């Protein structure tokens, strides 16, 4: 019952569906986790096995379980990213464990920030963040391909200027 | 009004729209105030010591070093005054500064959020004051004109505010109507209560240790107990003194420029909050004030940052609840905070916030959104619909397990954070959708205040 209520609460606006982000986001994160996780787990296992004989397999099992959980958590998180562009505002949602949904009116948008770290860039992904005069606005979309992001930013900037409301 | 004649003027004849002026000649001393003060004190102490121990000749090396430092400070100030000039050109304030690297800053006066006149102690001694211009955006970009004589600073502030609201140049300081002055006794009493309250436990720690030490004959514990007590007492006394010094004779007046706030004992601060710049207001009652019915009023102002001290976001440090509510109601366009229908979270919110869920209320009418929270210390947050920035719905794992979610109304940085916490999730989403509609409609309509502000009788 709780999950049904949650689905209603975090549903897209009526008659619309979430625009999803690129699956490359999940692939990128999984790649990073595997690339870093396996050596770390192996290292810890080997290191501890000098102190306790059974440490190796135990750490290995725990590490493997963590990696498997991370794999699925990344998948859940990726599926939670979404956005909808409406007539007067933009609705953005993300988060699997800590769900968030933010509505930013175009008239309140002061800045559209497009950023990409080195790893994201190598997968061709960027993130778009909307800023208002409030520091607590948490409206971002991650895992957009560069051309989608560019088009989105241009649309948002034009809409922001058109709707501009003073403070 | 053209600047006073006791100032050096750059341009000989100010044109109708242009004014040029420089800082007051005594500025270098006032700027270096603190440093010079410390040097003088150390030197004086040194002389006193020597005088007491038999009049040996002064330590010339020390005098020379201090004299050199003082000279450097003053020379730096003189250079700053000599190279800095301010120009008022039509709708713009231009500041030229810099000796080697010339710098020219321009500020559009219609982007000005507020203009304050501050009198730090080192300037007040000479009758000087500072004019601080805050523009839309960050507080860090505020421009400070240090120092001008007090009458000039005040007329400059009126001028800048007049130009920023398009009321015409050279506006005379507009008449004001007194709303409230906080009585001295009430201020001191309220600060004592609020500062000491739970810190009483810290103060009790020292004596407790002392008693234990004495009973067991442990000299060290006794000593530590006394030391701890003295240390905490000094810290708390210092904090109380700073608070009282800063909020002394807190006065709020109403003028066509907006609300004017004045306070301070040794250093006085003046602040003008233009109408429409107030983004959100809260009324807060600390636990220790409940028997007296006192509250404090604080606000979010556009242009003030998180780093801003609590001094600038305080509208009234202590007053009666009735007056605070009527003043806040008036500021928001003539509403009655008690008329607004409020709702509580469902019973199962008790799993998420056991005792506190009962104190969470939220609701809205056609002009503002109101949220109450707090069991021991109580707070009412109010955000006008047209000042809503963005809206957020959030649900952590614990909330999700019980089908709950919280609605947050985002506002500019400041003490007010408005939220409807731990509501039924679908209800929360409906609340958010309705609030978005109200905010959109409110942005399209303006609001006007017609009734006069309430005054403390």
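Chains as they are written, first to last, in the numbering used here: chain A, 38 to 204; chain B, 18 to 474. The C-beta atom is built at its ideal place from N, Cα and C for all residues, glycine as well. None of these values were measured; they are calculated from a predicted model.
Option in the options with minimal Cα separation from residue i
i	options	result
residue 285(B)	264(B), 320(B) and 224(B)	264(B)
residue 109(A)	95(A), 51(A) and 71(A)	71(A)
residue 173(B)	252(B), 375(B), 110(B) and 473(B)	110(B)
residue 3(A)	462(B), 127(B) and 450(B)	This structure does not reach residue 3(A), given that chain A is present from 38 up to 204, and the question cannot be answered.
residue 162(A)	66(A), 106(A), 54(A) and 96(A)	66(A)
residue 180(B)	418(B), 235(B) and 106(B)	106(B)
residue 348(B)	410(B), 146(B), 469(B) and 128(B)	469(B)
residue 363(B)	290(B), 442(B) and 55(B)	442(B)
residue 148(B)	368(B), 266(B), 108(B) and 288(B)	288(B)
residue 54(B)	39(B), 66(B), 84(B) and 229(B)	84(B)
residue 192(A)	152(A), 148(A) and 101(A)	148(A)
residue 244(B)	352(B), 370(B), 400(B) and 225(B)	225(B)
residue 56(A)	63(A), 131(A) and 77(A)	131(A)
residue 12(B)	304(B), 461(B) and 152(B)	Lying outside 18 to 474, the shown extent of chain B, residue 12(B) is not represented and no answer is given.
residue 359(B)	367(B), 375(B) and 370(B)	375(B)
residue 68(A)	107(A), 168(A) and 133(A)	107(A)
Alpha-carbon to alpha-carbon, residue j and residue i
i	j	result
residue 232(B)	residue 213(B)	28 Å
residue 178(A)	residue 137(A)	12 Å
residue 144(A)	residue 429(B)	15 Å
residue 60(B)	residue 87(B)	12 Å
residue 192(B)	residue 357(B)	34 Å
residue 164(A)	residue 59(A)	11 Å
residue 298(B)	residue 44(B)	37 Å
residue 187(B)	residue 293(B)	Note that residue 187(B) scores a pLDDT of 47, beneath 50, so its modelled location is shaky; the value from the coordinates is reported in the next line. C-alpha separation (whole angstroms): 22 Å.
residue 41(A)	residue 447(B)	15 Å
residue 194(B)	residue 346(B)	18 Å
residue 173(A)	residue 377(B)	21 Å
residue 171(A)	residue 126(A)	16 Å
residue 342(B)	residue 37(B)	44 Å
residue 276(B)	residue 416(B)	41 Å
residue 97(A)	residue 81(A)	8 Å
residue 311(B)	residue 397(B)	14 Å
residue 187(A)	residue 112(A)	25 Å
residue 146(B)	residue 42(B)	13 Å
residue 120(A)	residue 320(B)	30 Å
residue 115(A)	residue 181(A)	11 Å
residue 365(B)	residue 139(A)	25 Å
residue 105(A)	residue 216(B)	49 Å
residue 236(B)	residue 266(B)	46 Å
residue 85(A)	residue 444(B)	51 Å
residue 387(B)	residue 361(B)	12 Å
residue 30(B)	residue 104(B)	With a pLDDT of 28 at residue 30(B), under the threshold of 50, the predicted position of this residue should be treated as unreliable, though the coordinate-derived value follows. If I take the Cα positions, the gap works out to 13 Å.
residue 268(B)	residue 340(B)	14 Å
residue 473(B)	residue 251(B)	35 Å
residue 210(B)	residue 336(B)	14 Å
Buried/exposed call for residue i, threshold 16 Cβ in 10 Å
i	result
residue 118(A)	buried
residue 62(B)	exposed
residue 390(B)	buried
residue 330(B)	buried
residue 123(A)	exposed
residue 129(A)	buried
residue 57(B)	exposed
residue 316(B)	buried
residue 94(A)	exposed
residue 94(B)	buried
residue 90(A)	exposed
residue 184(A)	exposed
residue 75(A)	exposed
residue 43(A)	buried
residue 78(B)	exposed
residue 52(A)	exposed
Proximity test, residue i beta-carbon vs the ligand FAD heavy atom, cut-off 7 Å
i	result
residue 448(B)	This structure simply doesn't include the ligand FAD, nor any ligand for that matter.
Hey, is the region 418 to 429 of chain B in contact with the region 155 to 162 of chain A, meaning 3+ C-beta pairs nearer than 8 Å? The region 155 to 162 of chain A and the region 418 to 429 of chain B do not touch, with fewer than three beta-carbon pairs separated by less than 8 Å.
Is the region 136 to 150 of chain B touching the region 40 to 54 of chain B in the sense that three or more CB pairs, one from each, lie closer than 8 Å? The region 40 to 54 of chain B vs the region 136 to 150 of chain B: in contact.
Residue ranges of each beta strand (DSSP E) within the region 107 to 177 of chain A, 3 or longer: If we require 3 residues or more, the beta strand (DSSP E) runs fully inside the region 107 to 177 of chain A come out as 119 to 122, 126 to 131, 136 to 142, 148 to 152 and 162 to 168.
Could you give the uninterrupted runs of the alpha helix (DSSP H) lying entirely in the region 160 to 243 of chain B, keeping only those of 4 residues or more? Look at the region 160 to 243 of chain B and you find these whole runs of alpha helix (DSSP H), each 4 residues long or longer: 167 to 181, 201 to 213 and 216 to 233.
Per the contact definition of three or more C-beta pairs closer than 8 Å, is the region 402 to 421 of chain B in contact with the region 454 to 462 of chain B? Segments in contact, yes.
For the 8 Å Cβ check, are there 3 or more pairs between the region 255 to 263 of chain B and the region 204 to 213 of chain B? Yes, they touch.
Below 8 Å, can you find three or more Cβ-Cβ pairs linking the region 434 to 450 of chain B to the region 157 to 170 of chain B? No, the region 434 to 450 of chain B does not touch the region 157 to 170 of chain B.
Report the start-end ranges of each alpha helix (DSSP H) in the region 308 to 390 of chain B that is 4 residues or longer and not cut off at the edges. 327 to 330 and 338 to 348, all fully within the region 308 to 390 of chain B.
Is the region 114 to 133 of chain B touching the region 89 to 100 of chain B in the sense that three or more CB pairs, one from each, lie closer than 8 Å? Touching, yes.
Length-filtered (3 minimum) beta strand (DSSP E) runs lying within the region 54 to 123 of chain B: Qualifying beta strand (DSSP E) stretches, in chain order: 102 to 106 and 109 to 114.
Looking at C-beta atoms only, is the number of pairs between the region 409 to 419 of chain B and the region 378 to 394 of chain B that lie closer than 8 Å three or more? When Cβ pairs closer than 8 Å are counted between the two stretches, the region 409 to 419 of chain B is seen not to touch the region 378 to 394 of chain B, the count staying below three.
Sufficient close CB pairs (3 or more, under 8 Å) joining the region 127 to 134 of chain B to the region 80 to 95 of chain B: Not touching, per the Cβ criterion.
Continuous beta strand (DSSP E) assignments of at least 3 residues falling wholly in the region 54 to 91 of chain A: List check, beta strand (DSSP E) in window: nothing returned.
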